[in-house]
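Chemist: Just remember that my numbering sits 1095 ahead of the position in the sequence shown, which is counted from 1. Structure in C-alpha cells, see below.
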Amino acid sequence: MFNLEEETTTAIAWISFPSSRPNFFDKEAVFSLATVVGKPLQVDMATKNKTRPNCARVKVDVNLLREFPRHIKIGIKKPTGEVMEKWVRIRYDYAPKYCKTCIIQGHEEQQCYVEHPELYPKIEKKDHEQNEKRWRNAHSKENRDPPR
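As C-alpha cells, this is what we get:
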C-alpha cells in the first residue's frame, strides 16, 4: 500500500557484468542475468552496440529492501551437450541506500543517526559558544551590531 509518509523502496541502479563473454551482450541474455537483481529496463549504448567488449551494462529497477547479489551462477552449454557452471560477478555502478529505520533513501542503518546517535557529529562547547555570540536576536536597537 502506498504511504505518503514513506519514501519508495524501489530505485534505479546501473549494474555491470564485468569480464562478460561476447554472447552475453545480446539484450535478452543481459536481461536474463539482470533479473536476479531486479526488473531490467534497458542496456546502455555500448552494450547495445557491442563497443565495450569486456563488460555488459544494464539499468535495473531494484527493491531496496532486498540484498544486492554480488554473483550469479549460470550454466553454459558446451558443444558436447555438457553444461558447465560459471559464476558471473555483478558490479553495482550505483546502488541507492535505504534506511529501514527512517524509511528514507540516502543512508543505511549502519550510518543512521537514529540507530547510532554516537555517529552524530559532536559540537564542541567552544564552537557552540562562538555561534551563540555570532547569532543573537535583535529585538531592539541595543542588541544589533554596529554598522561597519
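Every residue gets a Cβ at the ideal spot worked out from N, C-alpha and C, and that includes glycine. The model shown is predicted, which means the values in this text are computed figures rather than measured ones.
Here's the rule: buried if 16 or more other CB atoms are within 10 angstroms of the residue's CB, otherwise exposed. What is Tyr1075?
Modeler: This structure leaves residue 1075 out entirely; the chain is present only between 1096 and 1243.
Chemist: The beta strand (DSSP E) spanning Glu1123 covers which residue range?
Modeler: Segment Lys1122 to Ala1129 is the alpha helix (DSSP H) holding Glu1123; no beta strand (DSSP E) there.
Chemist: Using the DSSP secondary-structure output, state which residues sit across from Val1153 in a beta bridge.
Modeler: Note: Val1153 sits in a beta bridge opposite Ile1110 and Val1138.
Chemist: Touching or not, the segment 1171-1179 and the segment 1129-1142, by the rule of three or more beta carbon pairs under 8 Å?
Modeler: Taking 8 Å as the limit for Cβ pairs, the verdict is that the segment 1129-1142 does not touch the segment 1171-1179.
Chemist: Are the Cβ atoms of Glu1213 and Glu1204 separated by less than 8 Å?
Modeler: Result no, Cβ atoms of Glu1213 and Glu1204 do not sit closer than 8 Å.
Chemist: Would DSSP call Glu1180 helix, strand or coil?
Modeler: Three-state DSSP puts Glu1180 in a strand.
Chemist: For Lys1217, which residues does DSSP report across the bridge?
Modeler: None, per the DSSP bridge assignment.
Chemist: With a cut-off of 8 Å on the beta carbons, I'd call Cys1150 and Ser1115 a contact; round off their distance for me.
Modeler: Right, the Cβ-Cβ distance comes to about 6 Å (below 8 Å), so this counts as a contact.
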